[in-house]
Amino acid sequence: SQQGEEDPQALSIQEGENATMNCSYKTSINNLQWYRQNSGRGLVHLILIRSNEREKHSGRLRVTLDTSKKSSSLLITASRAADTASYFCATQGAQKLVFGQGTRLTINP
Amino acid sequence: KAGVTQTPRYLIKTRGQQVTLSCSPISGHRSVSWYQQTPGQGLQFLFEYFSETQRNKGNFPGRFSGRQFSNSRSEMNVSTLELGDSALYLCASTRTGGLDTQYFGPGTRLTVL
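Residue numbers (our numbering), protein chains in the order written: chain A, 1 to 109; chain B, 110 to 222.
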């Protein structure tokens, strides 16, 4: 069963715009991670945010975590065509990662 | 440093056959996890191996098994293949498992006919 629920399931924006994806989960976690997957290939780790952190940045990525609401968001600023991919949140409790169903992001030129 | 490698990248089998997939972790990483990805069920955890011992297991039938060798390379085996086993199988490695970042390989695309 999936713990993370992502919203929206699909997102289409113009190049240069910002993209925001949301993730909600149900149980307590140690950390939450975001991954990118290009067209059925392997997953690329983007960012990890621990349960005692509220916000983290990495380049054009900004992740927030609200443990009281059991939710996280991923913001990609100044989007590029190369950002077109599926984005997954994954929660980690004791050890294993539990993935959401993902958001399919399309950047239109 | 080389990334996680998986072989083969693509595989076609028929129902009832068995298959073995291989994963070589990043050098120095001792934990290997396996995931199945399908359009319907998404990414689901299969199992994790650390120092040749299965440390964690997902909710999959006993037809799915794995092992890890002393050099940390891992294999997973699926016996008596079913059509529903068609999926992308991903492995990921971490230095010690636990709460480390997982680094994924490119996956093996298995098609069962």
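Where is the CB? At the ideal position from N, CA and C, for every residue including glycine. In this text the structure is predicted, and so the values were computed from the model without any measurement.
So for residue i, helix, strand or coil by DSSP?
i: D209 (chain B); result: coil
i: L105 (chain A); result: strand
i: L192 (chain B); result: helix
i: A81 (chain A); result: helix
i: V113 (chain B); result: coil
i: A94 (chain A); result: coil
i: I135 (chain B); result: coil
i: S202 (chain B); result: strand
i: F169 (chain B); result: coil
i: G100 (chain A); result: coil
i: S181 (chain B); result: coil
i: S68 (chain A); result: coil
i: Y25 (chain A); result: coil
Quick one: which chain A residues come within Cβ less than 7 Å of residue i?
i: G193 (chain B); result: Within 7 Å Cβ-Cβ: nothing; G193 (chain B) doesn't reach chain A, min ~17 Å.
i: G137 (chain B); result: Those do not exist, as G137 (chain B) stays about 17 Å from chain A at its closest Cβ, beyond 7 Å.
i: Q177 (chain B); result: What Q177 (chain B) touches in chain A: nothing, since even the nearest Cβ is about 16 Å away.
i: L120 (chain B); result: The contacting residues do not exist; L120 (chain B) stays about 14 Å from chain A at best.
Can you tell which of the options has the C-alpha that lies nearest to the C-alpha of residue i?
i: S51 (chain A); options: A:S72, A:L61, A:G40; result: A:S72
i: I135 (chain B); options: B:G206, B:L222, B:T220; result: B:G206
i: T123 (chain B); options: B:N168, B:G167, B:S133, B:S188; result: B:S188
i: Q9 (chain A); options: A:E15, A:T20, A:I76; result: A:T20
i: H138 (chain B); options: B:F213, B:L219, B:T220; result: B:F213
i: L197 (chain B); options: B:Q126, B:G216, B:N168; result: B:G216
i: S39 (chain A); options: A:Y25, A:Q101, A:A90, A:S86; result: A:S86
i: V63 (chain A); options: A:L32, A:V98, A:F99; result: A:L32
i: G93 (chain A); options: A:I13, A:S28, A:E6; result: A:S28
i: Y158 (chain B); options: B:T129, B:G151, B:A201, B:T114; result: B:A201
i: L102 (chain A); options: B:G151, B:G125, B:L120, B:V128; result: Per the sequence presented here, residue 102 (chain A) reads as Gly, with Leu not at that position. Measuring from the Cα of G102 (chain A), the nearest candidate turns out to be B:G151.
i: A81 (chain A); options: A:Q37, A:I13, A:S68, A:L97; result: A:I13
i: L199 (chain B); options: B:L222, B:Y144, B:R164, B:Q153; result: B:Y144
i: K117 (chain B); options: B:S160, B:V221, B:S183, B:L130; result: Going by the sequence as given, residue 117 (chain B) is Pro instead of Lys. Nearest C-alpha to P117 (chain B): B:L130.
i: S160 (chain B); options: B:P170, B:T147, B:R182, B:Q211; result: B:R182
i: F178 (chain B); options: B:G112, B:T147, B:T210, B:T162; result: B:T162
i: V128 (chain B); options: B:Q211, B:L190, B:R218; result: B:L190
i: S24 (chain A); options: A:L74, A:D83, A:A78; result: A:L74
With DSSP as the reference, identify every bridge partner of residue i, one or two as the case may be.
i: H57 (chain A); result: A:R62
i: T129 (chain B); result: B:N186
i: G77 (chain B); result: Because chain B in this structure spans residues 110 to 222, residue 77 (chain B) falls outside the shown range and cannot be described.
Let's see if you can read the secondary structure: which residues bound the beta strand (DSSP E) around residue i?
i: K166 (chain B); result: 162 to 166
i: N18 (chain A); result: No beta strand (DSSP E) holds N18 (chain A); DSSP gives it neither H nor E.
i: R50 (chain A); result: 43 to 50
i: L74 (chain A); result: 71 to 76
i: K122 (chain B); result: 119 to 122
i: Q9 (chain A); result: Counting along the chain, Q9 (chain A) falls outside any beta strand (DSSP E), and DSSP gives it neither H nor E.
i: R218 (chain B); result: 217 to 221
i: R176 (chain B); result: 173 to 177
i: S142 (chain B); result: 140 to 147
i: N31 (chain A); result: 31 to 37
Report the neighbours of residue i on chain B: residues whose CB is nearer than 8 Å to its CB, in chain order.
i: K96 (chain A); result: S142, F154, E157, N165, G167
i: D57 (chain A); result: Strictly speaking, residue 57 (chain A) in this sequence is His, with Asp absent from that position. In chain order: nothing, as chain B lies at least about 17 Å away.
i: Q92 (chain A); result: L208
Give me the chain A residues within the contact set of residue i, using Cβ-Cβ distance strictly less than 9 Å, ordered along the chain.
i: P215 (chain B); result: R41, G42
Residues of chain B with a CB under 9 Å from the CB of residue i: which are they?
i: G102 (chain A); result: G151, L152
i: L65 (chain A); result: Within 9 Å Cβ-Cβ: nothing; L65 (chain A) doesn't reach chain B, min ~15 Å.
Quick check: does the Cβ of residue i come within less than 6 Å of any heavy atom belonging to the ligand GDP?
i: C200 (chain B); result: With respect to the ligand GDP, the structure shown offers nothing to examine, as it has no ligands at all.
Identify the contact partners of residue i in chain A, using a Cβ-Cβ distance below 8 Å as the criterion.
i: L199 (chain B); result: G42, L43
Against residue i, what residues of chain B qualify as contacts under a CB-to-CB distance less than 7 Å, listed in chain order?
i: N22 (chain A); result: Going along chain B, no residue has its Cβ under 7 Å from N22 (chain A), so there is no contact; the nearest lies around 17 Å.
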